[in-house]
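**Student:** Going by our numbering, the sequence shown opens with residue 54, and the numbers climb by one from there.
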Amino acid sequence: MKHSRLRLVSYIVIAYMLMAFAWWSILLYTKNEDAYTAKDEMLRLRMASVAQFDGTDTESYQLLDKERASLRAEYEWQEWMILGESMVFIVMLIAGVYFIDQGYRKEVESARQRRNFLLSITHELKSPIASIQLILETFLRRELDTPAVRKFSGSALKETKRLHTLVSDLLLSAKLEESFQLNVEEVDISLLLNDLVLELEEKHTDARIHLSEKGDIPNIQGDISGLTSVFINLLENAIKYSKDNASIQVSIENVADKVEIAIADEGIGIPDREKKMVFDKFYRVGSEDTRETKGTGLGLYIVSELVNFHQGSIEIRDNYPQGTVMSVCLPLQQHVAV
Ligand code: ADP
Numbered sequence: 054m055k056h057s058r059l060r061l062v063s064y065i066v067i068a069y070m071l072m073a074f075a076w077w078s079i080l081l082y083t084k085n086e087d088a089y090t091a092k093d094e095m096l097r098l099r100m101a102s103v104a105q106f107d108g109t110d111t112e113s114y115q116l117l118d119k120e121r122a123s124l125r126a127e128y129e130w131q132e133w134m135i136l137g138e139s140m141v142f143i144v145m146l147i148a149g150v151y152f153i154d155q156g157y158r159k160e161v162e163s164a165r166q167r168r169n170f171l172l173s174i175t176h177e178l179k180s181p182i183a184s185i186q187l188i189l190e191t192f193l194r195r196e197l198d199t200p201a202v203r204k205f206s207g208s209a210l211k212e213t214k215r216l217h218t219l220v221s222d223l224l225l226s227a228k229l230e231e232s233f234q235l236n237v238e239e240v241d242i243s244l245l246l247n248d249l250v251l252e253l254e255e256k257h258t259d260a261r262i263h264l265s266e267k268g269d270i271p272n273i274q275g276d277i278s279g280l281t282s283v284f285i286n287l288l289e290n291a292i293k294y295s296k297d298n299a300s301i302q303v304s305i306e307n308v309a310d311k312v313e314i315a316i317a318d319e320g321i322g323i324p325d326r327e328k329k330m331v332f333d334k335f336y337r338v339g340s341e342d343t344r345e346t347k348g349t350g351l352g353l354y355i356v357s358e359l360v361n362f363h364q365g366s367i368e369i370r371d372n373y374p375q376g377t378v379m380s381v382c383l384p385l386q387q388h389v390a391v
């Protein structure tokens, strides 16, 4: 609210500056014209009187005529100068306003992201810690039978894993900005995805993940732990942003010297205007105040950075009739930069 009022005030000031400048330009233009007409009229009268007494062939008549011509040239030049300067000023002012506006929008967006990140990270850190604390307090206060101990220990372990994933994501995202290096080796991408699908189906028992391969899939050169992180993030998102009983299709295809892996879900989808932004660090669609899903906005940032490190590409498409397709293209070979 405070920002939009400030913005309105700056627009009013800019509009006032434009109008004032236009007014001063017109005034200068007409005053210049008036001055020229008066000077020209004086010269014309002097020429008329010279002609009346000495004729038009005299030196003083010729001099006055020359003076009149140079007065005209000077007037025309000043006219162009006023016009040119006005144009330059207006163009610069409009360009300035445009850049300030862009900067303002970026600032508002990054403030929104920072706020979202703080809210989500606080929640993501606080809630597992609170659960683990509660479980440990229960262990201390009550004598529990073995099934109850197993149940509570299972929950505590799940929360610990959640914390571990969060801390790993934070560390990895910091590393990706500073000193990350791929540990390249031969990777059987079909086997890797098969293992991940089994692991996730075990973790999310109500999700159905169908994996299909088109033709023979050659091994690629890549970093196993990086690629595991890429596909875990994409598959977890596909499940998280689907309703209950998520149905996910994973397809692997060898296209020329690349392997394309597409993960299609039938979930809530991503609006077109957000498709590029979701790769930004900490970006999450919507507001943290109303969101129900857990997360920090780090997942897709990590994914896109890791895919870039592999000299690959990632694209988001709409799935029909509903949902999202995350399509990752990875080259078979890594070309070492020289
Ligand atoms: P997080 O899931 O922790 O919020 P991500 O970086 O993984 O962060 O994703 C960024 C945002 O992109 C998510 O908050 C969500 O709004 C959107 N998103 C990602 N994957 C999907 C998907 N499969 N379907 C719908 N929205 C998605």
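The beta-carbon is built from N, C-alpha and C at its ideal position, and this holds for glycine as well.
Determine, using beta carbons only, whether residue 250 and residue 303 come nearer to each other than 9 Å.
**Tutor:** Yes.
**Student:** Report the partner residues of residue 267 according to the DSSP bridge assignment.
**Tutor:** In DSSP, residue 267 forms a bridge with 306.
**Student:** In angstroms with no decimal places, state the Cα-to-Cα distance between residue 252 and residue 185.
**Tutor:** C-alpha separation (whole angstroms): 24 Å.
**Student:** Does any residue of chain B have a CB that is nearer than 9 Å to the CB of residue 182?
**Tutor:** Among the protein chains of the structure shown there is no chain B, as only one such chain exists.
**Student:** Quick one: what's got a C-beta closer than 7 Å to residue 174's C-beta in the same chain, skipping five residues either side?
**Tutor:** The residues are 349.
**Student:** Is residue 322 close to the ligand ADP? I mean its beta-carbon at under 8 Å from any heavy atom of the ligand.
**Tutor:** Residue 322: yes, Cβ under 8 Å from the ligand ADP.
**Student:** Give every residue of the same chain whose Cβ lies closer than 6 Å to the Cβ of residue 212, excluding the five residues on either side of it in the sequence, and list them in chain order.
**Tutor:** Within the same chain, residue 212 has close Cβ partners 181, 184 and 185.
**Student:** What is the DSSP secondary structure of residue 250, reduced to helix, strand or coil?
**Tutor:** DSSP places residue 250 in helix when its eight states are reduced to three.
**Student:** Just to confirm, is the Cβ distance from residue 314 to residue 305 under 9 Å?
**Tutor:** Cβ distance < 9 Å, so residue 314 and residue 305 count as in contact.
**Student:** Nearest to residue 269 by CA position, among 300, 298, 312 and 255, is which residue?
**Tutor:** Taking only the C-alpha atoms, the option nearest residue 269 is 312.
**Student:** Buried or exposed for residue 152, please, with buried defined as at least 16 other CB atoms from any protein chain shown within 10 angstroms of its CB.
**Tutor:** Residue 152 should be labelled exposed.
**Student:** Taking only heavy atoms of the ligand ADP into account, decide whether any of them is closer than 8 Å to the Cβ of residue 165.
**Tutor:** No, the beta carbon of residue 165 sits no closer than 8 Å to any heavy atom of the ligand ADP.
**Student:** How would you call residue 357, buried or exposed, if buried means at least 16 neighbouring beta carbons within 10 angstroms?
**Tutor:** Buried, since its Cβ has 16 or more Cβ neighbours within 10 Å.
**Student:** Spell out the partners DSSP gives residue 158 in its beta bridges.
**Tutor:** Residue 158 is not bridged to any residue.
**Student:** Do residue 318 and residue 279 come within 9 Å of each other at the CB atom, strictly closer than that value?
**Tutor:** Contact flag unset, no.
**Student:** Is residue 221 near the ligand ADP - that is, is its Cβ less than 8 Å away from at least one heavy atom of it?
**Tutor:** No, the Cβ of residue 221 stays beyond 8 Å of every heavy atom of the ligand ADP.
**Student:** Relative to the alpha-carbon of residue 266, which residue among 274, 255, 194 and 308 has its alpha-carbon at the smallest distance?
**Tutor:** For the residues 274, 255, 194 and 308, the minimum Cα distance to residue 266 belongs to 308.
**Student:** Residue 275 and residue 353 - do their beta-carbons sit closer together than 9 Å?
**Tutor:** Cβ atoms of residue 353 and residue 275: not closer than 9 Å.
**Student:** Distance, Cα to Cα, residue 244 vs residue 156?
**Tutor:** Cα to Cα, residue 244 sits roughly 46 Å from residue 156.
**Student:** With 16 other CB atoms within 10 Å as the buried threshold, where does residue 217 fall?
**Tutor:** Result: exposed.
**Student:** Going by Cα to Cα distance, which pick from 371, 385 and 129 is closest to residue 379?
**Tutor:** Out of 371, 385 and 129, 371 has the C-alpha closest to the C-alpha of residue 379.
**Student:** So is the beta-carbon of residue 172 under 8 Å away from any non-hydrogen atom of the ligand ADP?
**Tutor:** No, the ligand ADP has no heavy atom inside 8 Å of this Cβ.
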